[in-house]
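Taking it in order: structure first as structure tokens, then the write-up.
Listed below in structure tokens is the structure:
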């Protein structure tokens, strides 16, 4: 069988995964649906009714090629008003958010500093960069500050998680102070 040896190695390393039908009797702590919105049938009904008000219900190509849906624009504007932001860009998943932000922001003269336990999507995105990428000890504001002091850069970009997806650790608030002191771009 093709890939038999590779599969055996994955099993041996305890990295083998199988797709399973979701068990509705379980409480879900492992997905992005922490608000339980996927179970709100009324929300689905309202979204369906709202989408039906338009002649099209989805973008037809890349958003940059022929524009994007009015509903997406309204949602981004709503998020800006609610959070006091000047702009928002909604993408389909956290993975896509990391990929697009981390690929778009840093330039060659910049440095990207990532928590060593940052999400795998951010690590993958950092492989596309021409700038220096450094990792600091997990949730350690002092380690971050030492890196900022030791590097030469035009701009520093710090990537952390608000709640770390693998451990559940909450972001150390001292990291905000370091980011403010060094006037860095912060990705949370």
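In the numbering used here, the protein residues as written are 49 to 236.
Here a beta-carbon is modelled for each residue, glycine too, at the ideal position from N, C-alpha and C.
* Would you kindly work out how many angstroms separate the C-alpha atoms of residue 56 and residue 65, rounded to a whole number? => 12 Å
* Asked: Cβ of residue 202 within 9 Å of Cβ of residue 180?
  -> no
* To do: For the segment 167-207, list the beta strand (DSSP E) runs that are entirely contained and at least 3 residues long, ordered along the chain.
  => 180-184, 204-207
* Kindly list the residues whose CB is nearer than 7 Å to the CB of residue 210, restricted to its own chain and excluding five residues on each side of it in sequence; keep chain order. => 219, 236
* To do: Determine the DSSP secondary structure at residue 163, reduced to helix, strand or coil.
  => strand
* Asked: Can you pull the DSSP bridge partners for residue 218?
  -> 211
* Asked: Whose CA, out of 81, 186, 93, lies closest to the CA of residue 165?
  -> 186
* Are the segment 187-195 and the segment 132-145 touching by the rule of at least three beta carbon pairs closer than 8 Å? -> no
* Asked: If we call anything under 9 Å between Cβ atoms a contact, is residue 212 one with residue 163?
  -> yes
* For chain C, find out if any of its Cβ atoms is closer than 9 Å to the Cβ of residue 79; answer yes or no. => As a matter of chain content, chain C is missing from the structure shown, which is built from one protein chain.
* Is the Cβ-Cβ distance between residue 141 and residue 80 less than 9 Å? -> yes
* **With 16 other Cβ atoms within 10 Å as the buried cut-off, status of residue 205** => buried
* Once you ignore the five residues that flank residue 228 on each side, which residues in its own chain have a CB closer than 7 Å to its CB? -> none
* To do: Look up residue 59 in the DSSP assignment and say whether it is helix, strand or coil.
  => helix
* Within its chain, find whatever has a CB closer than 6 Å to the CB of residue 93; leave out the 5 residues flanking it on each side and keep chain order. => none
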